Structure formats: structure tokens, C-alpha cells
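Quick note on numbering: the sequence shown equals residues 1 to 413 in the UniProt record's numbering.
Glycine included, each C-beta is placed from N, C-alpha and C at the ideal position.
Treat the numbers as computed from the prediction; the structure is a model and nothing was measured.
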Amino acid sequence: MIPCGKIKKTFRLLLYCSLFFCILNFQSCKPKPKDFKSLRDEFESKGKDLKVLLTKSESIEINCEGSFQLCDISGDKIVMFQKSPSNIALHFENGVINAGGKAKFESGIELYTHKKSFSVNGRNYRGRLKIIPYPESERIAAINEIPLELYLAGVISSEVPARWPDETLKAQSVASRSYALFQANQREDENWHLRTTQANQVYRGIEAEEKKIWRILLKTQGEVLLVQNSEDILPAYFSSTCGGATFKASEVFGGEDFSIVGVECPYCKKSAKKDYLNWPEFEISLSELRKKLVSNYSSMKKLGKIKDIRPAETLKNAGFEKITKVRIICENGDETLRAEDLRLTADPTGIKFRSTVCRLEIRNGTLKAADGKGFGHNVGMCQYGAKQMAVEGNNYRQILKHYYPEAVLERIY
Ligand SMILES: [Zn+2]
């Protein structure tokens, strides 16, 4: 006979053992959160491929962690193999691209590397790289081809700080995705779709990626804004600080885009930096401005020296006046430009010449923009406004509805 106490002990032991294995089993069956590498791999197959102009200059330096190959873009044949450590300077010379004196390419270059990343002028990017010559300006352009979601990982924290509320970051990711897709559709047949600056949206490649941003992208992946009653992507413009109200896209950019209307914004005044609401004077010499204008607008070349710049059209809203068009008066004639084009030609980053809500004056051969208010073009979502809306308890759908009241939010993949 087995003593009763011994049976109880054995039973208890069996019970503990099965409990232990149950817990162990439960733990191993729990779905593991996705690591960011697999998320990245997943994003590689999602969304349209974008073409981003990284730089256009006389020479470009590329660098890879391991070895790489440079292939001729027309024939796809390997022209050059570079071993690790592998950096090389490319420059335009006598109508061709000279690769460090070791090889010459006529029609362009595609870079192949097994690391899936590379650097251009010291900044790291994912995706693929193409180098295209522009013989008319004797320059070469570096173009990053990258799937949409991976591109956004390099944009979101370049546009708004990653520490901002999740709902603001989600609203930014939907706006940035829509804007990028719109641009890509508009420039479908061009060599590139987007620049890396505020002229489009700021893209800093791998250094802008953060765990929080990957999570935000996972939550909103494929979500875009559509123009009401259509399948067209909304050109979801946004800017930093509107200062009190936004404007219609057609009023600021011209054209017939009526999908983005102006709205009141009582929010950014509570959250924006003081020098965004009222910024310090910006100045640029007329000779330097002329150089920049001529390189962007060839029609300016024959007009000669700039004598004066005057507002040609202004808009009033929420107690301030925004210049929308400017007349550039030169020695041999005049030219009218969108004020936003003048601003981003004079200051391509848009960081100093912060808006066209300002007073323009010419003094001692210099253009001065004084009494400036707000930061950005004042069309679509106001980013500091979106931050404040989230702080006040609004979710990203409500934020998007406020700044794009006539758009429809939809997930397209
Ligand atoms: Zn605002």
C-alpha cells in the first residue's frame, strides 16, 4: 500500500509541473511584437516607389559599408567594382560622369550593394541609388529610389519632433504620405518626384528613423487623404506655423486646385515658438538673389540686374496680410513670380525667410523681409496647430478633418 501522504505529495508535484509547462507553453504561444527589422522588410514591398532628388551638383561622394558595383544605366552591365572600404567621388567632366578617374559613364549610373543602404555626401539612405548627368548645367544628380513607407520613416521626424504626441505624428504621416503620392503622380515621367527640403518635405534618410516613428507608420500604413467624391490623392500641403488661419491652395499656389480650403487655426498661437510667430528680419543681396533666380528661372537671365521687388498680389486673413505674388523689376524688363517661389529661391531651406506674411523692402542693394509672421506657406495642416489639437485631446482623424475639411481619409493598401 502506498501511504496516503505520499500520494498527495506526488499529486501536488504533478500539478505544479503541469502548471509550470502550461505557463511556459502560454508564454511561447504569445505573439511576439514585430521587431523593426522585419517591419522594415515588410515595408519594402508596400507602397509606390518614389524617386527623391538627394543632390544636384558638380561632384558627389558615395560611400558603402561593404563593396559595391557601379552599373551603366542603359546597358545594365557592370562597369566598375569597388572593394571595401568603398567610397568614391563622382564628377561631371567633358559630357560624362567620371568615377574617381577609374571609369566613365555616359548615360548614368546605378549602384548595387548587398547592404541595402549607402551614403551620399555623408548622409545614409535606404533603397537604391541612381546618378544621372545633366549636361546642360554640367552637373550630376543623385536620385534615391525608395518604397513609400521607408521614405516616410526618413520624413516624419524631420518634419515634426518624434517626441510630439502620437496623434500629431499620425496626422503628419497621413499628410506626408498623401503629399508624396500626389507629387509622384504629378511627376510620373520625370527623373525625380521630390526634393529633400521644405520645397517639398524634409527627408533625412536613415538618421531620421526612430522606433516610435516605425510604430506610427505601422498604425497608419496605407492611409491617405482623397479629394471628396473622387479617387484622386489630395495634395495634402502642410506648414509649420500658420499664425491664426490657413489659406486656400489656389490662392497661394495659383492654379485650379480647390480641394484645400482655408480654415481658422486658434491652436498654433498656444504652442508655437515665439520666433516662429514673429521671426527676425531676413536679408539677401540683390546680386546673390539674381544668381539664384537665374539658376531656377532661365527667363530671368536676359532681364539683367534687379532694381526693385514689389508685392503684386496680397491676401488678408485673420488680421494679417500675406504676399502671394511679387513683381521683380529689372534693368531690361519685369517678371512676376509666386511669392513662395521667391522665398524658397532666396532661402531654399525656408528656415530664415520663414513666410511671405512680411514687408519687403530694398535697401543698399539688399532685399529685406521684415515684420515677418508665421513659418511656412500657410496652406493645409498647421503643424504646431496639430500639436496643440492633440494636446487638447483630439485624435489624428479629427486633426486631419479640421485642416482638410473637404478631404476623405481612406486606406489604399
Ligand atoms: Zn496654426
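Check                                                                                                                                                : Outcome
Which residue or residues does DSSP assign as beta-bridge partners of D347?                                                                          : Looking at the DSSP assignment, D347 forms no beta bridge with any residue, so it has no partner.
I need the boundaries of the beta strand (DSSP E) containing G385, first residue and last residue.                                                   : It is not in any beta strand (DSSP E) - G385 instead sits in the alpha helix (DSSP H) that spans Q383 to V391.
Taking the C-alpha atoms as reference points, what is the distance between Y203 and T197?                                                            : 7 angstroms
Run the CB neighbour count on K170, radius 10 Å, all protein chains shown included, and call it buried at 16 or more, exposed below.                 : buried
Among all residues, which have a Cβ less than 5 angstroms from at least one non-hydrogen atom of ligand 1, and in what chain order do they fall?     : C242, C265, C268, C382 and G385
So G66 and K115 are supposed to be a Cβ contact under 8 angstroms. How far apart are they, rounded?                                                  : 5 angstroms
Is N296 close to chain C, meaning its C-beta is less than 8 angstroms from at least one C-beta of that chain?                                        : This model lacks chain C altogether; it includes just one protein chain.
Helix or strand or just coil, what does DSSP make of C22?                                                                                            : Caution applies to C22, whose pLDDT of 42 falls short of 50 and renders its modelled position unreliable; the model cannot decide the point.
I believe A236 touches A175 by the beta-carbon criterion, under 8 angstroms. Please report the beta-carbon distance rounded to the nearest angstrom. : 4 angstroms
Would you decide whether R177 is buried or exposed? Buried here means 16 or more other CB atoms lie within 10 Å of its CB.                           : buried
Name, in chain order, the residues that DSSP records as bridge partners for H402.                                                                    : For H402, which the question treats as bridged, DSSP gives no partner whatsoever.
Name the two residues that bound the continuous beta strand (DSSP E) containing D308.                                                                : I306 to N317
So, using beta-carbon positions, are F247 and K322 closer together than 8 angstroms?                                                                 : yes
Compute the distance between the beta-carbons of I233 and A153, then report whether it is under 8 angstroms.                                         : no
If distances are taken between C-alpha atoms only, which option among I412, G101 and L150 comes closest to N87?                                      : G101
Using the C-alpha atoms, what's the distance from L70 back to V79?                                                                                   : 6 angstroms
Could you check what DSSP says for R397 in three-state terms: helix, strand or coil?                                                                 : helix
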